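Asks: Under the UniProt record's numbering, the first residue of the sequence shown carries the number 1, and numbering increases by one thereafter. C-beta atoms are modelled at their ideal positions from N, C-alpha and C, and glycine is treated no differently. Keep in mind that this is a model prediction, so the values were computed, not measured.
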Amino acid sequence: MATYSVFDRETLLDIVVNIVPLIILGFFFVLFFVTSPYPPNELYRVLGLLLLVVPFVLLGLLTWVAAHYVG
(Lines of atoms letter the chains of each structure in order from A and count residues from 1; the text may use other names and numbers.)
(Lines give C-alpha, C1' and ligand atoms only; values in the text may rest on other atoms or scores of the structure.)
Protein backbone atom coordinates (compact mmCIF):
# COMPACT_ATOMS: atom_id res chain seq x y z
CA MET A 1 0.00 0.00 0.00
CA ALA A 2 1.46 3.35 -1.05
CA THR A 3 1.41 6.29 1.29
CA TYR A 4 -0.23 9.44 -0.02
CA SER A 5 1.36 12.81 0.60
CA VAL A 6 -0.26 16.12 -0.22
CA PHE A 7 3.09 17.56 -1.27
CA ASP A 8 4.08 15.21 -4.08
CA ARG A 9 6.21 16.30 -7.04
CA GLU A 10 3.42 17.67 -9.23
CA THR A 11 1.80 19.57 -6.35
CA LEU A 12 5.11 21.17 -5.39
CA LEU A 13 5.61 22.32 -8.95
CA ASP A 14 2.14 23.88 -8.92
CA ILE A 15 2.56 25.74 -5.62
CA VAL A 16 6.16 26.87 -6.07
CA VAL A 17 4.73 30.22 -7.21
CA ASN A 18 3.54 30.66 -3.59
CA ILE A 19 6.59 29.19 -1.89
CA VAL A 20 9.02 31.67 -3.45
CA PRO A 21 7.18 34.75 -2.06
CA LEU A 22 7.01 33.01 1.33
CA ILE A 23 10.80 32.71 1.30
CA ILE A 24 11.15 36.37 0.29
CA LEU A 25 8.78 37.49 3.06
CA GLY A 26 10.71 35.35 5.54
CA PHE A 27 13.95 37.00 4.45
CA PHE A 28 12.51 40.47 5.01
CA PHE A 29 11.09 39.38 8.37
CA VAL A 30 14.59 38.37 9.52
CA LEU A 31 16.09 41.52 8.00
CA PHE A 32 13.53 43.62 9.88
CA PHE A 33 14.84 42.30 13.20
CA VAL A 34 18.50 42.72 12.28
CA THR A 35 18.19 46.33 11.13
CA SER A 36 15.01 48.26 11.75
CA PRO A 37 14.39 50.98 9.14
CA TYR A 38 12.12 52.92 11.47
CA PRO A 39 12.93 55.29 14.34
CA PRO A 40 12.60 53.82 17.84
CA ASN A 41 8.83 54.13 17.97
CA GLU A 42 6.81 51.05 18.95
CA LEU A 43 3.85 51.93 16.73
CA TYR A 44 6.04 51.90 13.62
CA ARG A 45 7.68 48.66 14.70
CA VAL A 46 4.34 46.92 15.29
CA LEU A 47 2.89 48.18 12.01
CA GLY A 48 6.01 47.07 10.15
CA LEU A 49 5.78 43.62 11.70
CA LEU A 50 2.10 43.34 10.87
CA LEU A 51 2.81 44.25 7.25
CA LEU A 52 5.18 41.29 7.10
CA VAL A 53 3.45 38.72 9.30
CA VAL A 54 -0.13 39.04 8.02
CA PRO A 55 0.73 38.45 4.33
CA PHE A 56 3.10 35.63 5.34
CA VAL A 57 0.38 33.82 7.30
CA LEU A 58 -2.30 34.40 4.68
CA LEU A 59 -0.04 33.28 1.83
CA GLY A 60 0.98 30.22 3.84
CA LEU A 61 -2.66 29.34 4.40
CA LEU A 62 -3.45 29.91 0.73
CA THR A 63 -0.54 27.67 -0.27
CA TRP A 64 -1.71 24.90 2.06
CA VAL A 65 -5.30 25.08 0.74
CA ALA A 66 -4.08 25.17 -2.86
CA ALA A 67 -1.93 22.09 -2.24
CA HIS A 68 -4.98 20.18 -1.01
CA TYR A 69 -7.09 21.18 -3.99
CA VAL A 70 -4.38 20.63 -6.57
CA GLY A 71 -3.18 17.39 -5.03
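Would you say A66 and I19 are within 7 Å of each other, going by their C-beta atoms?
Replies: As a working note, residue 66 is residue 66 in the sequence shown. As a working note, residue 19 is residue 19 in the sequence shown. No. Outside cutoff.
Asks: Could you please give the first and the last residue of the uninterrupted alpha helix (DSSP H) stretch that includes T63?
Replies: Along the sequence shown, read from residue 1 onward, the residue named residue 63 stands at position 63. Unbroken alpha helix (DSSP H) run through T63: 42 to 70.
Asks: Since Y29 contacts L52 with CB under 8 Å, what's their CB separation in whole angstroms?
Replies: For the purposes of this step, residue 29 is taken as the residue at position 29 of the sequence shown. For the purposes of this step, residue 52 is taken as the residue at position 52 of the sequence shown. Reading the sequence as shown, one finds Phe at residue 29 and not Tyr. With a Cβ gap of about 5 Å, F29 and L52 count as contacting.
Asks: Under three-state DSSP, which class holds T11?
Replies: The residue you call residue 11 lines up with position 11 of the sequence shown. Residue state, collapsed to three classes: helix.
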